[in-house]
Every structure is written in C-alpha cells, then in structure tokens.
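Numbering (the working numbering), first residue to last: -2 to 100.
Read the structure below first, then the notes.
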Amino acid sequence: MKAPLTRFTYVMVFLAAVSYAFFAFPKGMHAWQEKQQLVQDMEKRNAALAKDVERQKEHINRLNSNPAEQELEIRKRLKLLHPDEKLYIMGDPAESAPPARQH
C-alpha cells in the first residue's frame, strides 16, 4: 500500500514542478501565447492568400472562355490599339508632382 501512495506523490510533485516551470519562467506561458497569436495571424494570411489565388484562377478561366474579355485584358495591359484608334492619357496632377521633401 505504501508503494502506490509514494508513486502517486512523486507524480503529483513532478506535475506541480512542470506546471510551475511552464507558468513562472519568462519563456513559459507568455511565449506560448505569442506563438498562438503568430499562428492565428499566419492562418488569416494563408486564408487571404488562398482567396486571392482562387480569384485569380477564376479570372484566368474567364479569360480562357471569353475571347472578347481576353482581348480587352491584353489591350489594357500592353496598351495596344487598333490602327484607327487614338489613346489619350490623362494623368492626375498629384501623380506628376515631385514628392515633398521631409527633414
């Protein structure tokens, strides 16, 4: 009867020491919470990136299935024109102004 009680006492002392070390030392609970926050931030970022990838796949599928939309996209990106068209570029005055200097 003495052996099971001694074993139980050793296990309880060991668990108490591990719990104390986990909560008391600076890299214990605080570091665990920081890592949990980091994991949550990365999961949110991964979800946003997955959503962006899905949106881009849908855009590519639309371009593959619709030649008119594909032509518009090519013309927009490469700034191509048909022979009888003219392109007028109207810029925003704020874009052409030099950036303000900071001291």
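All C-beta atoms in this analysis are idealised placements derived from N, C-alpha and C, irrespective of residue type, glycine included.
Keep in mind that this is a model prediction, so the values were computed, not measured.
- Taking 8 angstroms as the cut-off, the Cβ atoms of E70 and L60 count as close.
- Taking C-beta atoms under 8 angstroms as the contact rule, L84 and K73 fail to qualify, at a distance of about 11 angstroms.
- Here the alpha carbon of D49 sits roughly 10 angstroms from the alpha carbon of N43.
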